[in-house]
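Only one structure is covered here, and it is reproduced in the block below.
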């Protein structure tokens, strides 16, 4: 599994501190950014299920495309890879390690645009490994 700190925009994320916050947490970002996985991890640490449709409760955790609907939620934004291209190289290294690939990967694997974000980057590495 990729370290949370490698996800675009989360270099300094403290999951324990986030899970301990008193506000409900709204994780948002583009499709494929890891928002559902991060929401599931925060919910697991809080001992709750990810809430569907942004049902409000003090311990709620929701994953969505857009920002929180109001100020009651603590918003955690995951960036798209094209917003933080410097995140691509470390992510590719982590994905290659997961797949047991050694040595350098072709630069084309990290080429932008990468509209599927982390999901597409993972698929590129998987396809490269299969070829």
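Residue numbers (our numbering): 2 to 132.
For every residue, glycine included, the Cβ atom is placed at its ideal position computed from N, Cα and C.
Sequence-distant residues of the same chain with beta carbon closer than 6 Å to residue 68, five excluded per side: Once the five neighbours on either side are set aside, the close Cβ partners of residue 68 are 29, 76.
Contacting residues, own chain, Cβ-Cβ under 7 Å from residue 41 (five flanking each side not counted): Here the set comprises 51.
According to DSSP, residues forming a beta bridge with residue 78: 29
Best match in 72, 129, 64, 74 for proximity to residue 93 [C-alpha to C-alpha]: 129
Simplified DSSP state of residue 49, which is helix, strand or coil: coil
For residue 64: DSSP bridge partner residues: 28
Residue 84: first and last residue of the uninterrupted alpha helix (DSSP H) it sits in: Residue 84 -> no alpha helix (DSSP H), and no H or E assigned at all.
Secondary structure of residue 57, DSSP reduced to three states: Three-state result, residue 57: coil.
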